[in-house]
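The structure appears right after this line, and notes come after that.
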Amino acid sequence: MSSARWLVTSPNEGVAFELDNTEPEGVSGLTYRVLHKGHEAVAASRLGIAHARSDFIRVTVAAASGVATLDYAYDLAHGKRREVRSQAHAQMFTLRNRVGEEAWLVVRVSDDGVAFRYVLEDHGGAPTPLTAESTEFRLAEGRAWIQPHDAAGEFTPAYEALYSDGTPIGTTSPGPSWNMPALFHTNRRWVLLAEADLVPPAFGAHLRCTGTTYRIVPPEPDEGLGIGEVWPSIDGEWQSPWRVIVVGDDLGTIAETTLITDLASPSCLDDVSWIRPGRASWSWWSDHDSPKSLEALRRYVDFAADMGWEHTLVDANWTVHDEPDLRQLIDDARQREVGVWLWYNSGGPHNTVTEQPRDRMYERERRRDEMAKLTEWGVAGVKVDFFQSDKPEILRLMWDLLADAADHRLMVNLHGCTVPRGWQRTWPHLMTMEGVRGAEQYAFAREYPETAVWHNTILPYTRNVVGPMDYTPVTIGDQLYPHVTTAAHEIALAVLYESGVQHYADSIESYEALPPEVRGLLERVPAAWDDTRHVAGYPGSHSVIARRSDGAWYVAGIAGREAVTIDVHTPWLASSRPALLVADGAEAELTVTEVTLDPAWPFAIDIPTRGGFVLATE
7 MSSARWLVTS PNEGVAFELD NTEPEGVSGL TYRVLHKGHE AVAASRLGIA
57 HARSDFIRVT VAAASGVATL DYAYDLAHGK RREVRSQAHA QMFTLRNRVG
107 EEAWLVVRVS DDGVAFRYVL EDHGGAPTPL TAESTEFRLA EGRAWIQPHD
157 AAGEFTPAYE ALYSDGTPIG TTSPGPSWNM PALFHTNRRW VLLAEADLVP
207 PAFGAHLRCT GTTYRIVPPE PDEGLGIGEV WPSIDGEWQS PWRVIVVGDD
257 LGTIAETTLI TDLASPSCLD DVSWIRPGRA SWSWWSDHDS PKSLEALRRY
307 VDFAADMGWE HTLVDANWTV HDEPDLRQLI DDARQREVGV WLWYNSGGPH
357 NTVTEQPRDR MYERERRRDE MAKLTEWGVA GVKVDFFQSD KPEILRLMWD
407 LLADAADHRL MVNLHGCTVP RGWQRTWPHL MTMEGVRGAE QYAFAREYPE
457 TAVWHNTILP YTRNVVGPMD YTPVTIGDQL YPHVTTAAHE IALAVLYESG
507 VQHYADSIES YEALPPEVRG LLERVPAAWD DTRHVAGYPG SHSVIARRSD
557 GAWYVAGIAG REAVTIDVHT PWLASSRPAL LVADGAEAEL TVTEVTLDPA
607 WPFAIDIPTR GGFVLATE
């Protein structure tokens, strides 16, 4: 082709993807740049992929399609908003290697970012393993909020490490690599690197940096006890996951983006009427032995019903109960409109965790038999734990589990696993995933209380951006290592963090001791949202987010190591209206007041160190 550069711009022309065949600045091979308002967000970075039969690392652009305009809407069962509209410009480039073989690069550019993926044709014959991907993201100097990938161990990797708090871009990971999503502040812009539409066979990608260049790398060979290969074998035409770059000049672009689900495959389900987002009581956090006690489990069923919560979770080792007793518990809960979820160990040969039940979710025939039994019992969903790998085989296990659960109308919570990559759109019954250093760490990690103070303010701009997050919030009481955040901080997490099923982790006694107005707030705050707005924040310092459901707005904020004063602007409110304000008093005790929000005027609120607040309109 005569052209050496191609430019794909967003609908509002603020974001652009530039593809370059000229090897600029000494960067070999085909390169790309991402521009935001004319300035570089990602500098010239390499592209390329290879499998055992063909190498597309050094390629030229043989052809380019016309630019297509994409404009479509879709619904989500849960997430930042139920009704989503996606607009983008798209273009496909034919790549030709040195021996004349062809592959394709598909590019989409939206107002809030860029995505691209590789497409490899069907060569016929036996499955062919991928062997390399040279995709890079070259950044200018700046700061990074990024999570190290765990070295393989009994319970790792599980995306449960702390994020760095503004480490210099280019810092080497203390683990084998860095995880995505990864947040950067560079060249006066915010950039989030992520991936979307991971459809098996594929691996969960990680990042390894050389200087300020971050390169895609596969999982580690010893993950999952060494079970499975790190590169997928492809059979037929194959599409890589989307490599996603969200970019904006403020954090609202990052926190509010729906780019991950925009890029995901559409829902596999025709009927979603059985999917029920909501809140869940959960006995395990305050008493690890409680799943073995029918009396304790009944109390949590009753408490969920009293609070108007939709679910209760029966965690590990419930297998000590006789089947008739367990079925009676499930029947009694259903009579009170509370859905019971049951915990499962995903193993399998990929973990050695002994918590029960295990070996019922790994092999398909046994898994489907188990799920058929659960449907007969009236179980609402399953929490499946301890996957501990991003290898293609383990991701395939999760995908197949979701498909089988859909057949049996069981909602799913994945734990000890990777992070969402758009699966919540493709499989709407995937209600939440762990992949976060959450409140369970108060039982295991001595350092967690002090680090949670600032770590909690990073999650709205990193992990929770890409999908539902089972942090298990609102721990007002204490576990082995007591929290140092205020009660208002903990309550704010019920709104600040998004999860299709929000597991309230604390004991019945802790919630019953709350002021009536605060308990009333927890009775009505939802788990699925019609809209989400970023109000203020800076990762490591503070975060304030507003969410709407059925006309009511909930605004929640937390502070980290230092106190902050926030002006909450509410122009999106239709009219002046009263609101309940739950905040910190002089001695960090909960205070409850009624205020009036006026869309024409900001509402100023002081958040003390480690504190928080919730504003809830009627």
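Just so we're aligned: 144 in my numbering is position 138 of the sequence shown, and the numbers increase by one with no gaps anywhere.
Ideal Cβ positions, reconstructed from N, Cα and C, are used throughout, including at glycine.
These numbers were taken from a predicted model, which means no experiment stands behind them.
Item	Value
Assign Pro272 to one of three DSSP states: helix, strand, or coil.	coil
Quick one, which of His435, Gly85, Glu568 has its alpha-carbon nearest Arg282's?	His435
Specify, as a first and last residue, the run of the alpha helix (DSSP H) that Tyr368 falls within.	Tyr368 -> no alpha helix (DSSP H), and no H or E assigned at all.
Flag this pair as yes or no: are the beta carbons of Trp151 and Ser170 separated by less than 8 angstroms?	yes
What residues are listed by DSSP as bridge partners for Cys215?	Tyr220
For Val501, count the other beta carbons within 10 Å of its own beta carbon; 16 or more makes it buried, fewer makes it exposed. Which is it?	buried
Check whether the Cβ atoms of Leu348 and Trp324 sit closer than 8 angstroms, and answer yes or no.	yes
Can you give me the C-alpha to C-alpha distance between Thr360 and Arg88, rounded to a whole angstrom?	39 angstroms
Taking Cβ positions, are Asp590 and Gly546 nearer each other than 8 angstroms?	no
Return the chain-ordered list of same chain residues with a C-beta closer than 7 angstroms to the C-beta of Val628, the five sequence neighbours on each side being excluded.	The question about residue 628 has no answer here: the residues shown for the chain are numbered 7 through 624.
Taking only the alpha-carbon atoms, compute the straight-line gap between Ser273 and Glu440 and give it to the nearest angstrom.	21 angstroms
For Asp512, count neighbouring C-beta atoms within 10 Å of its own C-beta (all shown protein chains included) and say buried if the count is 16 or more, exposed if not.	buried
Taking only beta-carbon positions, decide if Ala378 is within less than 8 angstroms of chain C.	In the structure shown, chain C does not exist; there is a single protein chain.
Quick check on the burial criterion: 16 or more other C-beta atoms within 10 angstroms. Buried or exposed for Thr75?	exposed
Mind checking whether Ala445 and Thr491 have CB atoms under 8 angstroms apart?	no
Just verifying my parser: in three-state terms, what is the DSSP assignment at Met186?	coil
May I have the straight-line CA-CA distance separating Met7 from Asp77, to the nearest angstrom?	Caution applies to Met7, whose pLDDT of 46 falls short of 50 and renders its modelled position unreliable; the value that the coordinates give is listed next. Going from the Cα of Met7 to the Cα of Asp77 covers about 29 angstroms.
Express the C-alpha separation of Val550 and Leu579 in angstroms, rounding to a whole number.	16 angstroms
What does the alpha-carbon distance come out to for the pair Arg16 and Glu529?	Per the sequence shown, the amino acid found at residue 16 is Ser instead of Arg. Between Ser16 and Glu529, the C-alpha separation is close to 42 angstroms.
Between the Cα of Asp128 and those of Ala569, Val344, Gln245, spot the shortest distance and give me the residue it belongs to.	Gln245
Name the one or two DSSP bridge partners that Trp151 has.	Leu189
DSSP has Leu586 in a bridge; who is on the other side?	Glu600, Ala622
For Val40, write down the residues that DSSP places opposite it in a beta bridge.	Phe23, Val48
Excluding the 5 residues flanking Ala322 on each side, which residues of the same chain have their C-beta closer than 8 angstroms to its C-beta?	Trp290, Pro297, Trp349, Asn351, Glu361, Gln362, Asp391
Count the other C-beta atoms from every protein chain shown that fall within 10 angstroms of the C-beta of Pro426, then say buried if there are 16 or more, exposed otherwise.	buried
Looking at the unbroken beta strand (DSSP E) that takes in Tyr477, where does it start and where does it end?	Run containing Tyr477: none; DSSP gives neither H nor E here.
So, at 6 angstroms on beta carbons, what are the nonlocal neighbours of Leu13 in its own chain, with the 5 sequence-adjacent residues on each side left out?	Ala22, Glu24
Taking buried to mean at least 16 other C-beta atoms within 10 Å of its own C-beta, is Arg144 buried or exposed?	buried
Counting beta carbon pairs with one atom in the segment 392-407 and one in the segment 223-240, are three or more of them shorter than 8 angstroms?	yes
Buried or exposed, going by whether 16 or more other CB atoms sit within 10 Å of the CB of Gly72?	exposed
In chain order, what residues of the same chain have a beta carbon less than 6 angstroms from the beta carbon of Phe99, not counting five sequence neighbours either side?	Val67, Ala70, Leu111
Which residue wins for smallest C-alpha separation from Arg59, given the options Asn470, Gly106, Glu19?	Gly106
Let me know the alpha helix (DSSP H) ranges lying completely inside the segment 480-548, each 4 residues or longer, listed in chain order.	493-502, 514-518, 522-530
Considering only C-alpha positions, which residue in the set Glu301, Arg123, Arg305, Arg249 is nearest to Glu5?	Residue 5 lies beyond the residue range present for the chain, which begins at 7 and ends at 624; the question has no answer from this structure.
Taking Cβ positions, are Thr192 and Glu147 nearer each other than 8 angstroms?	yes
So what does Gln97 bridge to, in DSSP terms?	Val113
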